[in-house]
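J.: Before I ask anything, let me first share the structure, which is written out below as structure tokens.
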Ligand SMILES: [Zn+2]
């Protein structure tokens, strides 16, 4: 009680102080609030009505200027921005923006493109009229500043005089964070009509771009849910969204590395077109407004200038808001600034400034009591209050005021920001010969040209230039064939490429990471990348590739009766197979050689005698499209074969969480692998699953098997479907009642499905389900209390070359793993799996068990490099290193295993020191040698469990084919083995 009383007392003191501050400070700072321009009195009255406290107002938003021509949100939508209990649909926001554009010569609206569900994303551009009419010239100026190879310093200085920085603000990427689209409508109006010096300066000296809703699909669903209750108090709608976009929810802003989602693709393309100086993403989760700087360890590949710019702008915002007496505005907190997977990193990757806010949430738009409990500390001297009334208008006030401060600051210091932009671009070009590396080579000898092409395409989509070697060359002692691709580091976007291709090292003793800590794309895509430090490579003869890179394909010996296709786990081969279900294709169960060409196990054998019609034209067209060679021969190889099937597949989801499994669907859809999308309830209610499906895949879901069993709870039915009040729900799947889970019936149905010959695949934590309920005898999940293995790239080693799951893969693979689950043999009569005991591992030291170096670029045994200056500044040259080559052979093999009823296809590296490819690790002995991909036969069927996640954020294209293999070889997962192999297995050798 006394505590409560004290909180209230403190609250009152705080209010009083803030009011006094407001009175004292406001008249001084608010020098000329557009004296000649009147206010829209009705609108202004509503601003004051919906703001709960005077200290949540600033001079920038405590009024709305009137305009004789330009409509306000109140005029068009019937409510002001931040009116209580109202949220606007994306199409209403668009309608408003287009109304402003129609009325104001200072505003234009462009389409950014459409979402997966077909909704439009827009780009609003605001500037003074002359700038709008000459927008292409201003874009050209920024493009010139972006490329110092064609723009001299003297030319740059001239451009800096006339060019204008672009400030791009984006709203509502996170659907539950609802205030920004409302705020951005008012911001656009204010920028278009207000004549105060403060606003005019932004309009005259900068160009503002606004995308009011990034996640248009999620916003539509969110407004459905929040407004339904207001339209009908009896409406029965879910309190939160299960789905936002077609694929993922909150993870939609973690797609910046691989651009799997339309929203990321549209933002990237538009960014490269306009080259904004600042990109600013609006979020809501902190009291009352956090402006991003992060607290490190900062990304080791950006120019230190950009890190300074984050702080520079943030300090201005915090300083001004504090001076206005607004409590709770702060910086230096909240996230690390390490990973480039956030959408706003589109800017940081490209020499611009990427930033975000976390404002106190607007929620469903209602006004409510807000309690916070934040102790004052060095980064939060101005704490939020213990208790206030909070409204969506407060949210609009804080976001808008602070954003205007940032825009005004960038406009006022436009020369400095443009000069910094040019300088950062210069230093990116100089990187090749200063801090290095000089280039990355994608060798022509890579045996996965399709995967290589896919990664290079991604770099191209990020604006990175890719060259092709005109002839063979030697670099750092290695020979690379003609046609090898070279990503030069003497280009403006070298940092984007280096950031994605280099290795990361994150020291676990650094502040807790906010997200993934390793993402090296070469291993994750299954492509060989070689980091070259010697600048001599830059003078090799090479040609810029202007078209989208694709793997070559074709047909040889077209008049032969049998065609062979080398299987290399290229995702496009699965795409080809599923695109032609009518083709009879067999897989070779052993490797073989024909006409001196080696074909690995899993290679396709396509025989005329099995197929009607002429194969050659079909294969010729497919080979060109999917990038493979069909090699004609007179007879099939003398090896055992089995059919490559196109099974009836289903992806099973829960009604509790559909976030991570969305990345699985996205990967399947990219390669047009067909599947039914079913819920745990469908499985619960279908005793004869085998009549419908051959393979059921469960994406990542929950590490608690019982929560999958029980599912969603509640007192009354919870529909997820389209209705009059919720027209946007139900797009992915529908139900009248989300309550309940898989239930024991579902477990039984799954068990019967597998026993009858079905294949059940679980990914990452969903493996809790089959292990918990006894569907995987002999293997379970191990407790790893001391393991630190945050999302990163880890090394797995091939243990079972016979398994069709491994077709096309080499001895090693880089996979995405995050913390859990770690599998281990369970005592079903065999001995304990794994020969590497904890005590033994601890004694070896190294990165598996110690923390050897600071967070930075490179592997755990490499040196960090400071960006933006010569590598040898004050230090001797360091030992050269190469990026990881996942295909490289290694002699180190697992040496122990139980007599198990399951097959370990891949296991984590046995040596803790070799586990980590990119990211961080501590106590790696807890996962070293653990089975990473297992195949558990159960009667006639199989349960396949992944410890790592083969479908993570479109970053893991090199492990997609493990699941594709499971699909294509369903029914043939246990090919016949030789007598020797059987003998070896029963004597306890590793499988
Ligand atoms: Zn957010």
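Residue numbers (my numbering): 1 to 991.
Ideal Cβ placement from N, Cα and C applies to all residues, glycine included.
Note that the structure is a prediction, hence the values are computed from the model and not measured.
Taking contact to mean 3 or more Cβ pairs, one atom from each stretch, closer than 8 angstroms, check whether the stretch 562–580 and the stretch 632–640 are in contact.
T.: Yes, since at least three Cβ pairs between the stretch 562–580 and the stretch 632–640 fall closer than 8 angstroms, the two stretches touch.
J.: Expressed to the nearest angstrom, what Euclidean distance is found between the alpha-carbon atoms of residue 477 and residue 148?
T.: Roughly 32 angstroms separates the two Cα atoms.
J.: Beta carbon of residue 280: closer than 7 angstroms to some heavy atom of ligand 1?
T.: Outside the cutoff, so no.
J.: Residue 1026 to residue 284, Cα distance in whole Å?
T.: The shown model of the chain, from 1 to 991, leaves out residue 1026, and the question about it has no answer.
J.: Reducing DSSP to helix, strand and coil, say where residue 156 ends up.
T.: Helix.
J.: Could you pull out every residue in the same chain whose Cβ sits closer than 8 angstroms to the Cβ of residue 644, ignoring the five residues on either side in sequence?
T.: Counting only Cβ-Cβ distances below 8 angstroms, and skipping sequence neighbours, we find 577, 585, 586, 587, 604, 968, 969.
J.: Would residue 874 and residue 864 qualify as a contact pair, given that the criterion is a beta-carbon distance under 8 angstroms?
T.: The answer is no: Cβ separation not under 8 angstroms.
J.: Rounding to the nearest angstrom, what Cα-Cα distance links residue 463 and residue 544 in this structure?
T.: If I take the Cα positions, the gap works out to 13 angstroms.
J.: Leaving out the 5 sequence neighbours to the left and right, which residues in its chain are closer than 6 angstroms to residue 404 when beta-carbon positions are compared?
T.: Cβ neighbours of residue 404 beyond the five flanking positions: 60.
J.: Do residue 217 and residue 116 have their C-beta atoms within less than 8 angstroms of each other?
T.: Taking 8 angstroms as the Cβ cut-off, residue 217 and residue 116 qualify as a contacting pair.
J.: Please look up how many angstroms separate the CB atoms of residue 484 and residue 441, rounded, as I've assumed it's under 8 angstroms.
T.: The Cβ separation is near 6 angstroms, so the contact holds.
J.: Can you pull the DSSP bridge partners for residue 826?
T.: In DSSP, residue 826 forms no bridge with anything.
J.: Does any heavy atom of ligand 1 sit closer than 7 angstroms to the C-beta of residue 287?
T.: No, the beta carbon of residue 287 sits no closer than 7 angstroms to any heavy atom of ligand 1.
J.: If you check the beta carbons only, do residue 215 and residue 169 fall under 8 angstroms apart?
T.: Not closer than 8 angstroms, so no.
J.: Give the secondary structure of residue 973 by DSSP, where H, G and I count as helix, E and B as strand, and everything else as coil.
T.: Reduced to three states, the DSSP call for residue 973 is coil.
J.: Cβ of residue 91 versus every heavy atom of ligand 1: is any distance shorter than 7 angstroms?
T.: Because no heavy atom of ligand 1 lies under 7 angstroms away, the Cβ of residue 91 does not count as near it: no.
J.: Considering only residues of the same chain and omitting the five flanking positions on each side of residue 871, which have a CB-CB separation below 7 angstroms?
T.: Excluding residues within five positions, the ones whose Cβ falls inside 7 angstroms are 434, 435, 436, 865.
J.: Is any non-hydrogen atom of ligand 1 found closer than 7 angstroms to the C-beta of residue 724, if you look at the structure I gave you?
T.: Answer for residue 724: no, Cβ out of range of ligand 1.
J.: Is DSSP giving residue 624 helix, strand or coil here?
T.: If DSSP states are grouped into helix, strand and coil, residue 624 belongs with the helices.
J.: In terms of DSSP beta bridges, what is residue 357 paired with?
T.: Residue 357 is bridged to 282, 291.
J.: So, under 8 angstroms CB-CB, residue 958 and residue 687 are touching, yes? Tell me the CB distance rounded to an integer number of Å.
T.: Between residue 687 and residue 958 the Cβ distance is about 38 angstroms, and since that is not below 8 angstroms, they are no contact.
J.: Would you mind working out which of 177, 106, 144, 348 sits nearest residue 209, comparing C-alpha positions?
T.: Of the candidates 177, 106, 144, 348, the one whose C-alpha sits nearest the C-alpha of residue 209 is 106.
J.: Run through DSSP, which three-state label would residue 184 get?
T.: If DSSP states are grouped into helix, strand and coil, residue 184 belongs with the helices.
J.: Between residue 683 and residue 765, which are expected to be in contact by the criterion C-beta below 8 angstroms, what is the C-beta distance as a whole number of angstroms?
T.: Between residue 765 and residue 683 the Cβ distance is about 18 angstroms, and since that is not below 8 angstroms, they are no contact.
J.: What distance in whole Å lies between the Cβ atoms of residue 288 and residue 367, which are believed to be in contact at a cut-off of 8 angstroms?
T.: Going by Cβ atoms, the distance from residue 367 to residue 288 rounds to 15 angstroms, so no, they are not a contact pair.
J.: Would you identify the three-state DSSP class for residue 533, choosing helix, strand or coil?
T.: Note: residue 533 maps to coil in three-state DSSP.
J.: Out of curiosity, what's the CA-to-CA distance linking residue 245 and residue 494?
T.: Between residue 245 and residue 494, the C-alpha separation is close to 32 angstroms.
J.: On the three-state DSSP scale, how would you describe residue 402?
T.: Helix.
J.: In whole angstroms, what separates the C-alpha of residue 472 from that of residue 530?
T.: Straight-line Cα distance between these residues: approximately 15 angstroms.
J.: Excluding sequence positions up to five away, which residues of its chain have a Cβ less than 8 angstroms from the Cβ of residue 482?
T.: Counting only Cβ-Cβ distances below 8 angstroms, and skipping sequence neighbours, we find 444, 469, 470, 471, 472.
J.: Verify the contact flag: residue 476, CB atom, against every heavy atom of ligand 2, threshold strictly below 7 angstroms.
T.: This structure lacks ligand 2; the ligands present are ligand 1.
J.: For a quick check, are the C-beta atoms of residue 457 and residue 536 less than 8 angstroms apart?
T.: No. Outside cutoff.
J.: For residue 768, which residues from the same chain have a beta carbon less than 6 angstroms from its beta carbon, with the 5 sequence-adjacent residues on both sides left out?
T.: If we look at residue 768 and ignore the five residues flanking it on each side, its Cβ neighbours are 703, 705.
J.: Thinking C-alpha only, which one of 238, 176, 47 is nearest residue 715?
T.: When each option's Cα is compared against that of residue 715, the closest is 238.
J.: At a cut-off of 7 angstroms, is residue 582 close to ligand 1 when judged by its beta-carbon and the heavy atoms of the ligand?
T.: No, since every heavy atom of ligand 1 falls outside the 7 angstroms radius drawn around the Cβ of residue 582.
J.: Taking its Cβ as the centre, do 16 or more other Cβ atoms sit within 10 Å of residue 479, making it buried, or is it exposed?
T.: Exposed: under 16 other Cβ atoms inside 10 Å.
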